[in-house]
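Encoded as structure tokens, the structure appears first; notes follow it.
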Amino acid sequence: MFRRTALLKIIFSALLFGVLIFYSGSRPVAKVGEISFFLLKPLIYAASAGKNILGLSEQEIFPEGVVNAFRFELEKLKEENEFLRKALHFKDSTGVTLRGAEVLLYSVDIGKEYMIVNQGKESGIKEGDLAVDELGVLLGRIFEAGADFSKISLASNAGEVFEAEILPQGTITVAKGLGGRAFALELVRTDEPVRPGDFVVLRHAGFPELLLGQVARVDKGGAAAFKGVGAVSLSHPEKFGKVFILLTKQ
Amino acid sequence: MIFLTALSFVLAAFLEWTAGPVFSFWGVSFPAVLSAAIFWFWRMELSSRVFLGILAGIFMDTVSAYPPGTYLILFFVAAFLTEVLRRFFSETEFYITKGISMAILLFICINLINPLANIMSGNGIGLGSFPFSWFMTILVASIFWAVAVPLLLFGAGRLVRGI
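Protein chains in written order, with this note's numbering: chain B, 1 to 250; chain L, 251 to 413.
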């Protein structure tokens, strides 16, 4: 009798497993994910609050007076930004809209850094959209978008690849994430005058230039056609409570 | 038992998300949830283990850096692998055998997750898309955590019982 119950449990679990894996794109399974996120939300908020309380977060906390000064400055900048947007037709010319999002969680999952933000498909966010921090430095790419949340994989994670340009000389390169906030810049010709300290920006059709990192190491190419160039990411995702998602026109 | 299991998972997730990014070794943070799952797997029968694996997998997939389904498969594999290890160690209830099994499972799970994630995202095993140094980093970190976690867990257990 016991064995029969155990067998039934295993069959039920295996069926459930099969449905969740092979029908992962279906609406019911997506709903399961949403319910799961809803249930985990309090824990995510608690973890974020816990980080701040324990001082494990590197977010800078300013005194009230400084915050008020920032708020005033922010209002001024908002007005100026709106004026410049209209003047430069930013949205029309680049086809990109900025969507602000609050960071719910920043964590490291077996070597991969990621963030969960509170905006999702309902706000027009989709997989593949890019995320930048408040300073305009590229944070990464949206790799999963739920109804009201999205996950950002950091640009320097292993497996991430971007077409980039090394400034000021304008060398075109391919930036491959190595993990640990580092990039390998590939296809840099031996005769290119690349130096440590040069900036690396993202090359993306219709996008403004976004800062990706800074060259940290240049190997001598020798007789090879290309030389090894390493760069480090300039983003500090652990420091930001807000990020911006670049929404492209469909 | 169910309450204790759920509580340990909640605490493990809290620990991983708060202190994880700070206490990481070679870019791999303390795999608290994975350790909790493996710890409970050893104490359960296969059917309960598979069920717990699926439940933990659904929750972990919701908040992980890997494609949906990766943790689900990982826990599913770990549930069956525990059975293999239990048979290998003749179900001996001894700290050292438990510790060794946990170390083996942790080592396998940490190293299995990236190939699994690649399969889930439709790139095949796709090991070529990752730099070799990345795999070496994960390998070294997995050895570290596979040794450190059982030592910490069973060491602390012995200490508590001793007191």
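For glycine and all other residues, C-beta sits at the position ideal for the given N, C-alpha and C. This one's a predicted model, so the numbers in the text were calculated from it and none came from an experiment.
Would residue i be called buried (16 or more neighbouring beta carbons within 10 Å of its own) or exposed?
i      : result
D129/B : buried
I338/L : Before going further, note that residue 338/L is Phe rather than Ile in the sequence given. Exposed, since its Cβ has fewer than 16 Cβ neighbours within 10 Å.
M370/L : buried
P42/B  : exposed
N81/B  : exposed
F17/B  : buried
V334/L : exposed
M115/B : buried
T171/B : buried
G136/B : exposed
F326/L : buried
L210/B : buried
F216/L : Outside the modelled stretch of chain L, which goes from 251 to 413, sits residue 216/L, for which no answer is possible.
Just the Cα atoms here: how many angstroms apart are residue i and residue j?
i      : j      : result
V96/B  : A131/B : 12 Å
T251/B : D219/B : Because chain B spans 1 through 250 in this model, residue 251/B falls outside it and cannot be assessed.
H204/B : R141/B : 13 Å
A329/L : E122/B : 37 Å
M386/L : S392/L : 10 Å
G248/B : K227/B : Looking at the sequence itself, residue 248/B is Thr, so the reference to Gly does not match. Cα to Cα, the separation comes out at about 34 Å.
G197/B : V161/B : 21 Å
I304/L : R181/B : 32 Å
L356/L : A225/B : 42 Å
E34/B  : F382/L : 36 Å
K51/B  : T5/B   : 44 Å
I358/L : M352/L : 10 Å
I61/B  : V200/B : Residue placement at I61/B cannot be trusted, given a pLDDT of 46 that sits under 50; what the coordinates show is reported in the next sentence. Rounded to whole angstroms, I61/B to V200/B spans 30 Å at the Cα level.
G25/B  : V117/B : 21 Å
L109/B : L167/B : The question names Leu, but residue 109/B in the sequence shown is Asp. Taking the straight line from one Cα to the other gives about 32 Å.
G405/L : Q119/B : 43 Å
With a cut-off of 8 Å on the beta carbons, I'd call residue i and residue j a contact; round off their distance for me.
i      : j      : result
G177/B : A147/B : 28 Å between Cβ atoms; not a contact.
V243/B : L77/B  : Their Cβ separation, rounded to whole angstroms, is 18 Å, which puts V243/B and L77/B out of contact at 8 Å.
W276/L : V390/L : 6 Å
V229/B : V188/B : 5 Å
T312/L : S36/B  : 4 Å
Does DSSP classify residue i as helix, strand or coil?
i      : result
G270/L : coil
A184/B : strand
S233/B : strand
T97/B  : strand
M115/B : strand
F339/L : coil
G213/B : strand
Y106/B : strand
S24/B  : coil
A145/B : strand
A131/B : strand
A164/B : strand
T387/L : helix
Say the cut is 7 Å; is the CB of residue i nearer than that to a heavy atom of the ligand SAM?
i      : result
A223/B : This structure simply doesn't include the ligand SAM, nor any ligand for that matter.
TODO: Tell me the start and end of each unbroken alpha helix (DSSP H) in the stretch 298-371 of chain L that is at least 4 residues and wholly inside, in chain order.
DONE: 320-338 and 345-370
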